[in-house]
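Here the structure comes first, spelled out in structure tokens, and everything after it is commentary.
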Amino acid sequence: MAMSKMALTCKDAAHQHERAAAHYRHSARLLANGQPTAAAKERDLALERSEKARADETGLRPDGVASSERTRSQAVWHFMG
13 MAMSKMALTC
23 KDAAHQHERA
33 AAHYRHSARL
43 LANGQPTAAA
53 KERDLALERS
63 EKARADETGL
73 RPDGVASSER
83 TRSQAVWHFM
93 G
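Under this note's numbering, the residues of the sequence shown are numbered 13 to 93, in order.
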């Protein structure tokens with residue numbers, strides 16, 4: 013993997029983790045305000061972001077597990093589908 017592509021993949025994964033954390037915080041606020049349905053939707057969005065980040069990170073593994081773009085995206089959508 014070229015260094016620039018690796019850096020971009022790391023940046024994308026970090027962004028997904030940041031967004032997931034924001035969704036979890038928002039979910040906690042909604043739950044504290046007595047809105048469990050909205051909190052559950054935010055939690056689901058957070059889980060989706062986390063899975064996308066994990067899929068990006070899988071391609072960075074040195075053992076080459078799921079190193080192709082197609083394999084990573086297929087694994088994510090199969091899991092989330």
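The beta carbon of each residue, even a glycine, is placed where N, CA and C say it ideally should be. Because the structure is a prediction, the values reported are computed rather than measured.
Counting the other Cβ atoms within 10 Å of the Cβ of Glu54 gives 16 or more, which makes it buried. The three-state secondary structure of Leu43, taken from DSSP, is helix.
Here Leu72 carries a coil assignment [DSSP, helix/strand/coil].
Of all alpha-carbon atoms in Glu60, His38 and Arg61, the one lying nearest the alpha-carbon of Ala50 is that of His38. Spatial neighbours of Ala52 in its own chain (CB-CB distance under 8 Å, excluding positions within 5 residues in sequence) are listed in chain order as Ser39. The C-alpha of Ala32 lies about 6 Å from the C-alpha of Ser62.
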